[in-house]
Structures are given as structure tokens and as C-alpha cells.
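Written below as C-alpha cells is the structure these notes are about.
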Amino acid sequence: MADKGDLTIGELEALSRMQENLTAQEIKEHASALVELKKENEPAAKEYLKTLRRKTRIGEKPSSEELKSEVTAPKSPPPLPTTFNVTLDRISAELIISEAKERGIEPAERIAEIVEDYVAERIRKAVK
Numbered sequence: 140m141a142d143k144g145d146l147t148i149g150e151l152e153a154l155s156r157m158q159e160n161l162t163a164q165e166i167k168e169h170a171s172a173l174v175e176l177k178k179e180n181e182p183a184a185k186e187y188l189k190t191l192r193r194k195t196r197i198g199e200k201p202s203s204e205e206l207k208s209e210v211t212a213p214k215s216p217p218p219l220p221t222t223f224n225v226t227l228d229r230i231s232a233e234l235i236i237s238e239a240k241e242r243g244i245e246p247a248e249r250i251a252e253i254v255e256d257y258v259a260e261r262i263r264k265a266v267k
């Protein structure tokens with residue numbers, strides 16, 4: 140069991156407000172898990188309490204182990220945006236076409252078709 144001195148007044152108050160949704164035993168387990176996390180990783184402890192509040196508000200009863208693993212799991216970086224690359228391809232295509240027209244290259248329409256096909260293929264790959 141966690142010692143009351145290991146938790147701040149705010150954390151104790153937050154846990155006591157969960158009495159409507161959690162049993163006394165569940166609150167004790169969460170308090171112990173919170174104390175352990177505070178010793179290991181303060182930001183994870185704050186995230187633990189926020190996540191516990193959110194989940195109990197919507198009626199869930201997560202176990203302390205499940206919640207600890209959720210907040211301490213490494214976060215994967217967001218995927219790189221593909222729209223940026225597609226936009227650059229479109230700009231490049233427009234520059235190539237306008238350059239061909241300025242130089243008087245007759246098959247400018249053919250170059251435009253090739254570039255448009257290339258850009259369309261890149262867009263299809265980006266969307267997949």
C-alpha cells in the first residue's frame with residue numbers, strides 16, 4: 140500500500156473523487172501504482188492520473204497494470220506526411236512543363252502527359 144505521504148494533496152483528492160466509480164481496493168491499487176511511477180518517471184505518473192481520471196469518467200475500470208503499461212509504452216513517432224512530397228512533385232511538373240514551353244520544345248504536350256502520369260502514380264502510391 141502507498142503511504143499517504145508519497146502522494147500530493149491534489150493526487151489524493153483526485154483519487155478520492157473516483158470513489159463513485161472505483162472500489163476502495165481499486166483505488167488503493169492505483170495509488171500504489173502511482174507512487175511507483177512517481178519514483179521512476181514523474182511525467183508518466185502525471186499521465187497515469189490523467190488517463191485514470193478520463194477512463195473512470197467514461198465508466199471504464201482499467202487495472203493498474205494495464206494503465207501503467209499504457210502510459211509507459213514508448214510512443215511511436217507520427218508518420219511522415221506524404222502530401223508534402225506530392226506537392227513538390229506537382230510544382231516540379233509545372234516548372235518542367237513551363238520550361239519546355241518557354242524553350243519552344245514542340246512536344247511540350249507530350250512532356251506534360253509524361254509528367255502528369257508520373258505525378259498521378261506518386262499520388263496513388265502516397266494514398267496507399
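One rule links them: number in our numbering = place in the sequence shown (from 1) + 139. Don't be surprised by glycine CBs; every beta carbon is placed ideally from N, CA and C.
- Separation of Ser155 and Arg192 (C-alpha to C-alpha, rounded to the nearest whole angstrom) is 11 Å.
- Put simply, the backbone Cα of Leu161 is about 18 Å away from that of Gly149.
- Relative to Asp145, the option among Arg242, Lys178 and Glu252 whose CA is nearest is Lys178.
- Nearest neighbour of Ser208 by Cα position, chosen from Glu199, Tyr187, Thr195 and Val254, turns out to be Tyr187.
- Distance from the CA atom of Ile262 to the CA atom of Ala251, rounded to whole angstroms, is 16 Å.
- Of the residues Glu152, Ala163, Gln164 and Pro213, the one whose Cα lies closest to the Cα of Lys189 is Glu152.
- Within the same chain, and ignoring the five residues on either side of Lys194 in sequence, the residues whose Cβ sits closer than 6 Å to its Cβ are Pro201.
- A residue is called buried once 16 or more other Cβ atoms fall within 10 Å of its Cβ, and Val266, having fewer, is exposed.
- The continuous stretches of alpha helix (DSSP H) do not include Ile197, and DSSP gives it neither H nor E.
- Using a 10 angstroms sphere on the CB of Ser203, the tally of other CB atoms reaches 16 or more, which defines it as buried.
- Distance from the CA of Arg242 to the CA of Leu234, rounded to the nearest whole angstrom, comes to 12 Å.
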